[in-house]
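In our numbering, the protein residues as written are 450 to 682. Think of the CB as a built atom: it goes at the ideal place given N, C-alpha and C, for glycine as much as any other residue.
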Ligand SMILES: C[S@@+](CC[C@H](N)C(=O)[O-])C[C@H]1O[C@@H](n2cnc3c(N)ncnc32)[C@H](O)[C@@H]1O
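Here is the structure:
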């Protein structure tokens, strides 16, 4: 890996809660259990199967990693947080998977060994990086994929104009829960806006294009949450 003195420390941007073993222990309850079936079906529809290799970037506790390991040949779970990685290693060992690899690394530091992967999945992690770094991360993702490889990206991404921010964000926050153990509260949402880097759809899509991706599908929920399927040119 080339050391560049101007590179950010990804751990400093990773969200302090993600580095906290107590938070990680409660993460699945807080986050709920979003069904990875749709993401897996999208990858399968693009030809991935039992011999395919998938990278799960910012894998967290591995809700996608383990489901993908049941369906695809090999999954590499990459996360910059030692606490998240420890939890996922334990869960993987308990479940007896032999086709999951691990890397304690970030979007900006993970170098995929061996042949390029067939797909990258990343959910709810890219917003940890400011936009300049997001663009570099997307380029690195493209570099880790074979031509025709798939990027499946889910994140808090804003599909509105700046003039609509107050109205859309208030609508979003009105759906917050009150129990922080059971979901995301108004304070969590406010923290996200203040300290993390969700970007606008109309900024992200040119970044994807500049990194060598064609967007083949984009779906938004409530103008605040996007799911993208992209093909590397
Ligand atoms: C909200 S969690 C999402 C975890 C998982 N993808 C999911 O959907 O449940 C965000 C994850 O991103 C990881 N993360 C934060 N910054 C990162 C970076 N620069 N590179 C890789 N992972 C990062 C955190 O450690 C955490 O596990």
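Beta-bridge partners assigned by DSSP to residue 628: none are found.
The same chain holds no residue with a CB closer than 7 Å to that of residue 640 once the five nearest residues on each side in sequence are set aside. The segment 573 to 589 makes contact with the segment 645 to 652; the number of CB pairs closer than 8 Å reaches 3 or more. Per the Cβ contact rule, the segment 586 to 598 is not in contact with the segment 619 to 635 (fewer than 3 Cβ pairs under 8 Å). Taking the Cα positions, residue 667 is about 22 Å away from residue 482.
Residue 463 sits buried, since 16 or more C-beta atoms from the chains shown fall within 10 Å of its C-beta. The continuous alpha helix (DSSP H) containing residue 539 extends over residues 531 to 544.
The Cβ atoms of residue 510 and residue 537 sit closer than 7 Å to each other. Residue nearest to residue 494 within the set 654, 615 and 568 is 568 (criterion: CA-CA distance). Inter-residue distance for residue 597 and residue 657 is about 14 Å (C-alpha atoms, whole angstroms).
Residue 528 has its Cβ nearer than 6 Å to a heavy atom of ligand 1. Excluding sequence positions up to five before and after residue 522, its CB lies within less than 7 Å of the CB of 499, 500, 501, 502 and 548, all in the same chain and listed in chain order. In the structure shown, residue 648 falls within a coil segment according to DSSP collapsed to helix, strand and coil. DSSP places residue 590 in the uninterrupted alpha helix (DSSP H) bounded by 580 to 593. The beta carbon of residue 559 sits closer than 6 Å to those of 527 and 552, all from its chain and outside the five residues before and after it, given in chain order. Assignment of residue 633 by DSSP, reduced to helix, strand and coil, places it in the coil class. Non-local beta-carbon contacts of residue 663 in its own chain, meaning distances under 7 Å to residues more than five positions away in sequence, involve 679, 680 and 682 in chain order.
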